Amino acid sequence: MGEWRQVKSPDTLGEYPFPVVSVACRFCRRGRYRLETLMRAYGAGYQLTDLLAHLASDCTAAVERTGRLGCRGPYLPDLGEPRRSSGSGV
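Right, dumping it as structure tokens:
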């Protein structure tokens, strides 16, 4: 039988495994960006967490729904559903 290995989730654009980066948000929108274009603009070492923060920086839907500044909903659906923090209340 085949051996199952857990694959480390990518941290940077250069490690992203697909040619298109799909972005989704629990509050506002979805989008798709070509990995090649993102790497040209930001570099292969650009952190995926920074990319999500940058793409969500103009989000007003989160403010309308949560009353808090800053989007708390973006994630990369091709890498799985986002994990919710336990007990932090954020």
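Residue 24 in this note's numbering sits at position 24 of the sequence shown, and the numbers go up by one each step. Glycine included, C-beta positions come from ideal geometry on N, C-alpha and C. This structure is a prediction, so every number in the text was calculated from the model and none was measured.
- [ ] Tell me whether the beta-carbon of residue 22 lies closer than 7 Å to the beta-carbon of residue 77.
- [x] yes
Task: Under the three-state DSSP convention, the category residue 61 falls into - done: helix
Open item on the list: Nearest by alpha-carbon distance to residue 36: which of 52, 45 and 19 is it?
Closed with: 19
Task: alpha helix (DSSP H) runs contained entirely in the stretch 17-41, provided each spans 4 or more residues - done: Correct list: empty.
- [ ] Please report how far the alpha carbon of residue 33 lies from the alpha carbon of residue 55, in whole angstroms.
- [x] 11 Å
Task: Cα-Cα separation between residue 75 and residue 25, rounded to whole angstroms - done: 6 Å
Task: Of the residues 14, 71 and 38, the one placed nearest residue 61, counting alpha carbons only - done: The shortest Cα separation from residue 61 among 14, 71 and 38 belongs to 71.
- [ ] Alpha carbon to alpha carbon, how far is residue 27 from residue 48? Give it in angstroms, no decimals.
- [x] Between the C-alpha atoms of residue 48 and residue 27 there is a straight-line separation of about 19 Å.
TODO: For residue 39, collect the residues of the same chain with a Cβ closer than 8 Å to its Cβ; drop the 5 residues on either side in sequence, then sort them by chain order.
DONE: Excluding positions up to five away in sequence, the list reads 13, 14 and 46.
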